[in-house]
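Going from the sequence shown to this note's numbering is simple: count from 1 and add 1406. The beta-carbon is built from N, C-alpha and C at its ideal position, and this holds for glycine as well. Since the structure is predicted, the reported quantities are computational estimates derived from the model, not experimental observations. Have a look at the structure below before the remarks.
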Amino acid sequence: AIDNLAQHAIGRAWNPHYNGEDKAWGEEAQAWLQDEWFGVCDVRGPNHDFKTGLYLDSIAVDRDGDFAIILTETEEGYPQIQHVPAHRIGMRRMDKTVTGGKWKGYAIEQGVILNKSNRPVAYRVLGEEEKDDQDVDAANVVFTYDPEYHDQIRGIPGFSHALNEIRDAMQSEMWEQHAMLIASTIGLIEHNEIGGADI
1407 AIDNLAQHAI GRAWNPHYNG EDKAWGEEAQ AWLQDEWFGV CDVRGPNHDF KTGLYLDSIA
1467 VDRDGDFAII LTETEEGYPQ IQHVPAHRIG MRRMDKTVTG GKWKGYAIEQ GVILNKSNRP
1527 VAYRVLGEEE KDDQDVDAAN VVFTYDPEYH DQIRGIPGFS HALNEIRDAM QSEMWEQHAM
1587 LIASTIGLIE HNEIGGADI
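Right, here's the structure in full:
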């Protein structure tokens, strides 16, 4: 269902269209985006072009609840993006404040570094080891989720509201399979006086 939703919402669409007055510049910008940048925009390479990224973003919001995009660039200064899945934004300890770096003393919750107004100022991106963890300035992050209440700082998977119903449906199917298995293992043996088929 999540894949179908992403296919209908994104597919291979979302081509750039310029609506301004400078038509020549608009055509040039459209061509650059579609013919050049869309194919190489992601740091992971051409298998993760812009439209594939949008498709996976749609899946991530429904399945994981949120994701982040870091606005970055190559060593030569060419603009790129880096997708960060939900499980890589987090904390290794239950500390409630940042203990070092630019945001020392700021509150941190679920990998989101917050100011006194509860506004995200940075996101902690987990590396392979703690020494590889990075606090990325919120100005360079596009963090995407569908909020459901005012103080929410992380997303909730779209299907989470149906988890009990999904579990019940899975359990019901399992019991049906058990019932068929039991029914298929029951055999009847008939005894009569002649020891064979009834004449």
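- Per DSSP, the beta-bridge partners of Ile1487 are Asp1448, Leu1477.
- In this structure His1489 is not in contact with Gly1451, their Cβ atoms being roughly 12 Å apart against a cut-off of 8 Å.
- Around Pro1563, the same chain offers Asp1468, Arg1469, Asp1470, Gly1471 as residues with beta carbons nearer than 7 Å, after the five sequence neighbours per side are excluded.
- Counting along the chain, Glu1515 sits inside the beta strand (DSSP E) bounded by residues 1513-1515.
- The shortest CA-to-CA distance from Lys1537 to any of Met1497, Ala1437, Tyr1484 is the one to Met1497.
- According to DSSP, residue pairing for Thr1591 in a beta bridge does not occur.
- Counting every other CB atom within 10 Å of its CB across the protein chains shown gives Tyr1461 a total of 16 or more, marking it as buried.
- Beta-bridge partners assigned by DSSP to Tyr1555: none are found.
- Our two residues, Ala1585 and Tyr1512, have alpha carbons roughly 57 Å apart in a direct line.
- Straight-line measurement puts the Cα of Lys1429 at about 38 Å from the Cα of Pro1491.
- Here Trp1509 is near Asp1541, since their CB atoms are less than 9 Å apart.
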